[in-house]
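Engineer: Take a look at the following structure, please.
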Amino acid sequence: MIRRRTLTLLIIVLLIGVPAGYLVISANQSRDSGKDKEAKYSATGLTEGWPSKVQRRLYQVPVPHPSNKVAYYETNNWKTSRLYVQFQTTHAGLDQFLSDIGADRDDLKKDDITIGARDREVTGWRFSGPGARTGDYYGLVRERKNPTPTLDVVVNHQNPIYPMVYVVSRTVP
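Throughout the sequence shown, residue numbering follows the numbering used here, covering 16 to 188 in sequence.
Next comes the structure, spelled out in structure tokens:
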């Protein structure tokens, strides 16, 4: 009789305890996932790291390998979506990037800052004055028909071996 009651109690505990434990673990994982997403989407400026492959493909910003000092920021509203990306790469990486967007070094115009004041304010990029990188700046615009993204590109040659590239890709959904 005691053996039967013990067995019944064990079965009841297992039938309730295992699903309850699973529920607690699942809830904690879901909560952690939400915190990660909240941190990602509440960012208000450049975030260190690579944009996702989906973002790079959607906005047509092919960040070359090798690249470092990579940071990005995405904004979306009902009118325009933008992806801001910066990276430092090699000269071969710069040539590959320009080729991938349908341009070459001859398209870069010296002292042509193609990224507008509004976009510079959003990212904190400075191309002149205090806080700006020294060196020559070159810019180009790859104007494309909507919904294909238009790219504003600025390249800084402060470091003669590793140019710094700034890109604003904007598209109208």
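C-beta: ideal position from N, C-alpha, C; glycine also.
Is the beta carbon of Y87 sitting closer than 8 Å to the one on L98?
Structural biologist: Against a cut-off of 8 Å, the Cβ pair of L98 and Y87 comes out as a contact.
Engineer: In its own chain, which residues sit with a C-beta less than 6 Å from the C-beta of Q103, not counting the 5 before and 5 after it?
Structural biologist: Hits under 6 Å: N83, K84, Y177 and M179.
Engineer: If you compare alpha carbons, which of E136, Y152 and W140 is closest to I128?
Structural biologist: The residue with the shortest Cα to Cα distance from I128 is Y152.
Engineer: Which ranges does the alpha helix (DSSP H) cover as unbroken runs of at least 4 residues, wholly within the stretch 88 to 117, from first to last along the chain?
Structural biologist: List check, alpha helix (DSSP H) in window: 106 to 115.
Engineer: Give me the Cβ distance between D167 and I116, rounded to the nearest whole Å; I'm assuming they're in contact under 8 Å.
Structural biologist: Going by Cβ atoms, the distance from D167 to I116 rounds to 11 Å, so no, they are not a contact pair.
Engineer: What do you get for Y181, buried or exposed, if any count of 16 or more other CB atoms within 10 angstroms of its CB means buried?
Structural biologist: Buried.
Engineer: Which residue from T149, G150, R148 and V169 puts its Cα closest to that of R157?
Structural biologist: R157 has its Cα closest to that of V169, out of T149, G150, R148 and V169.
Engineer: Between which residues of its own chain and S90 is the CB-CB distance below 6 Å, once the five residues before and five after are set aside?
Structural biologist: Here the sequence assigns Thr to residue 90, which means Ser is not the residue at that position. Here the set comprises R97.
Engineer: Which whole-angstrom value is the C-beta distance of T62 and P81, which I expect to be below 8 Å?
Structural biologist: That pair is no contact at about 20 Å.
Engineer: Which of the three DSSP states is assigned to V167 in this structure?
Structural biologist: First, the amino acid is wrong: residue 167 is Asp here, not Val. Strand, per DSSP.
Engineer: For the beta strand (DSSP E) holding L61, just list the boundary residues, first then last.
Structural biologist: No beta strand (DSSP E) holds L61; DSSP gives it neither H nor E.
Engineer: Flag this pair as yes or no: are the beta carbons of P164 and S143 separated by less than 8 Å?
Structural biologist: Not closer than 8 Å, so no.
Engineer: Between the Cα of N161 and those of P34, G64, D134 and V187, spot the shortest distance and give me the residue it belongs to.
Structural biologist: Checking every option, the nearest Cα to that of N161 belongs to V187.
Engineer: In terms of residues, what are the limits of the beta strand (DSSP E) holding R72?
Structural biologist: Run containing R72: none in the beta strand (DSSP E); it sits in the alpha helix (DSSP H), K68 to Y74.
Engineer: Alpha carbon to alpha carbon, how far is P79 from G60?
Structural biologist: Their backbone Cα atoms lie some 22 Å apart in a straight line.
Engineer: So Q111 and R148 are supposed to be a Cβ contact under 8 Å. How far apart are they, rounded?
Structural biologist: At roughly 22 Å, the Cβ-Cβ gap does not stay under 8 Å, so Q111 and R148 are not in contact.
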